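Chain order of the listed sequences is V, R, S and A. Just so we're aligned: 59 in our numbering is position 20 of the first sequence, and the numbers increase by one with no gaps anywhere. Just so we're aligned: 183 in our numbering is position 144 of the second sequence, and the numbers increase by one with no gaps anywhere. Just so we're aligned: 169 in our numbering is position 130 of the third sequence, and the numbers increase by one with no gaps anywhere. Just so we're aligned: 166 in our numbering is position 127 of the fourth sequence, and the numbers increase by one with no gaps anywhere. Yeah, the Cβ is synthetic: ideal placement off N, Cα and C, and Gly gets one too. These figures come from a predicted structure and were not determined experimentally. All remarks here apply to the structure that follows.
Number of protein chains: 4
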Amino acid sequence: MSTPRTERGARTRAALVDAARHVFEREGYLDTRITDITHEADCATGSFYTYFADKEEVFAAVMESVRHEMLHPQLDAQQGDDPVAAIEAANRAYLDAVRRNARLVALMEQVGAIDVRFRAWRQETGRAFIERNAAGIRRLQREGLADRGLDPELAAHALSGMVSRLGYQAFVTREVDAKLDDVVAAATRLWANALGVSRAA
Amino acid sequence: MSTPRTERGARTRAALVDAARHVFEREGYLDTRITDITHEADCATGSFYTYFADKEEVFAAVMESVRHEMLHPQLDAQQGDDPVAAIEAANRAYLDAVRRNARLVALMEQVGAIDVRFRAWRQETGRAFIERNAAGIRRLQREGLADRGLDPELAAHALSGMVSRLGYQAFVTREVDAKLDDVVAAATRLWANALGVSRAA
Amino acid sequence: MSTPRTERGARTRAALVDAARHVFEREGYLDTRITDITHEADCATGSFYTYFADKEEVFAAVMESVRHEMLHPQLDAQQGDDPVAAIEAANRAYLDAVRRNARLVALMEQVGAIDVRFRAWRQETGRAFIERNAAGIRRLQREGLADRGLDPELAAHALSGMVSRLGYQAFVTREVDAKLDDVVAAATRLWANALGVSRAA
Amino acid sequence: MSTPRTERGARTRAALVDAARHVFEREGYLDTRITDITHEADCATGSFYTYFADKEEVFAAVMESVRHEMLHPQLDAQQGDDPVAAIEAANRAYLDAVRRNARLVALMEQVGAIDVRFRAWRQETGRAFIERNAAGIRRLQREGLADRGLDPELAAHALSGMVSRLGYQAFVTREVDAKLDDVVAAATRLWANALGVSRAA
DNA sequence: TATGAATGAGGTTTCATTCAT
DNA sequence: CATGAATGAAACCTCATTCAT
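Have a look at this one:
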């Protein structure tokens, strides 16, 4: 709702966001009541409405507060000319982020299923990943390093989805039982194969 | 709850399941009220509780009633010895089922995200698909037609996930704008490439 | 409601009364639902209403069916001229009946608390006991064997109440931990003392 | 449920307890609806749940609020050395309390019969009375003033039960038609006789 | 008579939101 | 700004009773 104008207000708001994150992770989105949050933040019910219009709004604030952690690309290192190394680096960065934020990813999934407004957020977050990958595919095709028979958009969608779902199953639902390195290796090999890319000599 | 013992009871129960399916599709799981269902089925509130303990239970019944449609294997045709044709057939069958039942797939996705008990159901449904694919991959590896460096389970997971998510994005959320044939083609090509399989001469 | 006119009807009614007794004892009066009874009696809900108007009516029928067991006076033996032996015999008969029908006594207590109509039944059952005792006290007073300063009605009320409550606490709630013989002995001695009666020489 | 933290909250809670007492007395426990209470207390339904989890909990609060009145011993006066006078004083105090709180005693009786959780409360309240009496009996036995052939616990149980039931029948159900003084006199005489105690010279 | 499905009034409980202090 | 009690609409679920077969 409104932005805090005093030091004290800023502290209250921060406490609420922090409390909300804990409660959401613990109870899930639907089972979280406003009073759970104010209780955890150790402040009055009414104070919640000083800063947020409703549950959605705190949820957005929570997501905002963790966006950095999720999206630190840190594709810092140069992989030189090896296209497979580049693919691997991107996959590792993504999958590791999912692993580290598993609870929030699960939460986001849940909220996306419930609330239309968050579906967009989720898609957008995914889209950045997909577009970066589409660009990579196009580049490799131009350089003759990847199968030119593939539609780069569709391929990026498909492969990004593959990696993202794999990460979800390995680190969120744990229905796939595998370590990060194995998941990265498998994803990278499939990805490279799928595009017809091979390691630089 | 209990099973109808008379013809009339069977009719009422069926009417409730049918009504529930419509209301769920129209309103979504969370926004569906028991009275919406009984109203649509044109019977009293209490009648609902004659057959179901709660919303979850009707939902399970709805899902049960559509399982057939979803799981019609109909991989009837023989693809001869062409492994790529076999992959294509499987992908087409799956993706077409998703396309035809888009609303229910969306629903299942939503409910799975909300209610733990349905996550199992969803996983199981997916597992059948994955296991079939894992078997296929193993066979191709044995015959020397697929990359032996891949873990067949992980690969099956990854590629099945890829196809399933692609279908979801193409036919449920429509964030990917593509026709069935194109999706099938892209998926198949990526899948075949990923495994290092090529068309039979 | 109506009395069975056929053999089959009589059997159904009897099954319902029997089932009701079991369910009442198991669940208590309030928690017993009509369907619990028909279920236990293995007949349809509607059949209940062929014989009883409501729960109260079956309950009355149950009580009727066990009245004998509760009220078998069987003060058969002659205690000769010993007034204390007579008092003891009466107390033993009463307390033993309570012990044997503890569950039903508890039930009657419960229903009496809930439903005004059964309070009368309970009082009447008690009244018989009290009046018999009042008559006994009056006789002893006439014969100069009991304290003539006591109001016989009030004394009968008080002492009967004493015995009845003692029985209740010993055999129903079990808050008094004592064997039948001890309870009979204590009650008798107090009773005799209270009236100023002593054993025949 | 939770305790009020403000003056206003305390007032609302008190109004609810007070209203509950009236409604319970008027309607009986079972026929009292939560809305009857909030209506009488002139507040919203939800406010009830701010302070109480359910009907049982208000009932406990009502009972708590009247415990004092019931348990004011006020056996202030000294009865000197006359044991019968002491017995009379105790009986009068108890019976008068029952007379003054007849409606609540009836209520407690009803609820105790219905709800297991209150049986304990009722028993405990009675136990204090019984134990005090057992101590008195033991003392009289030691001093050679009471029949040593009696088990003091059982006798205290029996006689306390006698008085309590007499009070119940005289002032609650009114099936015994007698004035306080007569009831006290009869109870005391029976009690003294039963123990074999006689008035000090 | 027996059956068992259908009915729906009636009660309970939750919790987001407001607002006086 | 913070507080926390008050509000009441809205949904859930039960079960005695009826009645067509």
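Check: C-alpha distance - residue 51 of chain A paired with residue 43 of chain S, whole-angstrom precision; Outcome: 57 Å
Check: Partner residues on chain V for residue 152 of chain R, Cβ-Cβ distance less than 9 Å; Outcome: 145, 148, 149, 150, 151, 152 and 153
Check: Three or more C-beta pairs below 8 Å linking the region 230 to 240 of chain S and the region 184 to 194 of chain S; Outcome: yes
Check: Members of the region 205 to 229 of chain S that neighbour chain A once the beta carbon cut-off is set at 9 Å; Outcome: 205, 207, 208, 209, 212, 214, 215, 217, 221, 222, 224, 225, 226, 228 and 229
Check: Collapsed DSSP secondary structure at residue 50 of chain S in the structure displayed; Outcome: helix
Check: Coarse secondary structure for residue 57 of chain V, derived from DSSP in three states; Outcome: helix
Check: Beta carbon proximity, residue 196 of chain S to chain A, threshold 8 Å; Outcome: yes
Check: Local conformation of residue 130 of chain V per DSSP, three classes; Outcome: helix
Check: Neighbouring residues, chain A, relative to residue 129 of chain S (Cβ below 9 Å); Outcome: By Cβ distance, chain A contributes nothing, its closest Cβ being about 15 Å from residue 129 of chain S, past 9 Å.
Check: Residue nearest to residue 86 of chain R in terms of C-alpha spacing, selected from R/169, R/238, R/199 and R/47; Outcome: R/47
Check: Where residue 171 of chain V sits in the DSSP three-state scheme; Outcome: helix
Check: Contacting residues, own chain, Cβ-Cβ under 7 Å from residue 161 of chain V (five flanking each side not counted); Outcome: 147 and 151
Check: Neighbouring residues, chain A, relative to residue 188 of chain S (Cβ below 7 Å); Outcome: 228
Check: Closest residue to residue 218 of chain R among R/95, R/139 and R/175 (Cα-Cα distance); Outcome: R/139
Check: Environment of residue 74 of chain A [buried if 16+ CB atoms lie within 10 Å]; Outcome: exposed
Check: Residue from R/212, R/205 and R/175 whose Cα sits closest to the Cα of residue 194 of chain R; Outcome: R/175
Check: Residue-level contact to chain V via CB, residue 233 of chain R, 8 Å cutoff; Outcome: yes
Check: For residue 191 of chain S, the first and last residue of its enclosing alpha helix (DSSP H); Outcome: 191 to 206
Check: Proximal chain R residues relative to residue 201 of chain V, where beta-carbon distance stays under 8 Å; Outcome: 197, 198, 200, 201 and 204
Check: Beta carbon proximity, residue 162 of chain A to chain S, threshold 8 Å; Outcome: yes
Check: Simplified DSSP assignment, three categories, for residue 71 of chain R; Outcome: coil
Check: 8 Å Cβ cutoff, residue 179 of chain A in contact with chain S; Outcome: no
Check: 8 Å Cβ cutoff, residue 184 of chain A in contact with chain S; Outcome: no
Check: Given 8 Å, three or more beta-carbon pairs between the region 203 to 219 of chain R and the region 209 to 223 of chain V; Outcome: no
Check: Which listed residue (A/199, A/68 and A/45) has its alpha carbon closest to that of residue 149 of chain A; Outcome: A/68
Check: Inter-stretch contact (C-beta, 8 Å, three-pair minimum) for the region 52 to 72 of chain R and the region 116 to 135 of chain R; Outcome: no
Check: Nearest-angstrom Cα separation, counted from residue 101 of chain S out to residue 205 of chain A; Outcome: 29 Å
Check: Simplified DSSP assignment, three categories, for residue 41 of chain S; Outcome: coil
Check: Reduced DSSP category for residue 81 of chain A - H, G, I as helix; E, B as strand; rest coil; Outcome: coil
Check: Helix, strand or coil at residue 95 of chain R [DSSP, three-state]; Outcome: helix
Check: Segment limits, alpha helix (DSSP H) that includes residue 232 of chain V; Outcome: 219 to 234
Check: CA-to-CA distance, residue 134 of chain A to residue 245 of chain A, given in whole angstroms; Outcome: Because chain A spans 40 through 240 in this model, residue 245 of chain A falls outside it and cannot be assessed.
Check: Within-8 Å CB hit, residue 193 of chain R to chain V; Outcome: yes
Check: Proximity to residue 136 of chain S [Cα-Cα], best of S/155, S/106 and S/163; Outcome: S/106
Check: Candidates R/130, R/125 and R/94, of which the one nearest residue 55 of chain R by Cα; Outcome: R/94
Check: Element boundaries [alpha helix (DSSP H), containing residue 214 of chain A]; Outcome: Note, residue 214 of chain A: premise wrong, no alpha helix (DSSP H); not H, not E.
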